[in-house]
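The block underneath contains the structure these notes are about, expressed in structure tokens.
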Amino acid sequence: MAKATARHILVDSADKASELKTQIEAGADFAELAKQHSSCPSARQGGDLGSFGPGQMVPEFDKVVFSAPVGTVQGPVKTQFGFHLLEVTSRED
4 MAKATARHIL
14 VDSADKASEL
24 KTQIEAGADF
34 AELAKQHSSC
44 PSARQGGDLG
54 SFGPGQMVPE
64 FDKVVFSAPV
74 GTVQGPVKTQ
84 FGFHLLEVTS
94 RED
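Residue numbers for the sequence shown, in this note's numbering: 4 to 96.
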């Protein structure tokens with residue numbers, strides 16, 4: 004069964020997510036930005052969500068996590084919770 008590990012930053016607007024993505028692409032540390040800006044409890048761990056399988060996250064999240072290249076920052080991805088930046092840190096298919 005497929006498994007992935009990922010981290011994310013959850014914010015309340017697409018603009019904020021895009022701004023943070025630009026900072027990451029310019030060399031800012033994903034984990035530090037997650038600690039500073041993410042509204043998810045995972046912010047304390049730098050946005051780390053641990054390991055999970057398909058169907059354990061909301062569909063929009065799953066679609067990205069199980070298709071995006073490992074190590075790239077994806078988003079903003081809109082879900083019922085807000086706007087996410089996602090980084091798949093590992094995946095086993």
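From the three backbone atoms N, C-alpha and C, an ideal C-beta is built for every residue, glycine too.
Residue i, buried or exposed, once every other Cβ within 10 Å from all chains shown has been counted against 16
i, result
"E35", "exposed"
"P62", "exposed"
"G56", "exposed"
"G53", "exposed"
Own chain residues within Cβ distance below 6 Å of residue i, not counting five before or after
i, result
"V68", "A7, A9, V91"
Range covered by the alpha helix (DSSP H) that runs through residue i
i, result
"P62", "62 to 68"
Run of the beta strand (DSSP E) containing residue i, from where it starts to where it stops
i, result
"V73", "It is not in any beta strand (DSSP E) - V73 carries neither H nor E in the DSSP assignment."
"R47", "Counting along the chain, R47 falls outside any beta strand (DSSP E), and DSSP gives it neither H nor E."
"G85", "85 to 95"
"A7", "6 to 14"
Presumed contact (8 Å Cβ cut-off) between residue i and residue j, rounded CB distance
i, j, result
"L88", "K24", "5 Å"
"L13", "F64", "Wrong, their Cβ atoms sit about 10 Å apart, outside the cutoff."
"G78", "A20", "6 Å"
Residues of its chain near residue i, where Cβ-Cβ distance is below 8 Å and the 5 sequence neighbours each way are ignored
i, result
"V73", "V91, T92, S93, R94"
"S42", "L13, V14, D15, G85"
"G58", "D65"
#### Entry: Residue ranges of each alpha helix (DSSP H) within the region 16 to 40, 4 or longer
Counting only runs of at least 4 residues, the region 16 to 40 fully encloses the following alpha helix (DSSP H) elements, listed from N- to C-terminal order: 17 to 28, 33 to 40.
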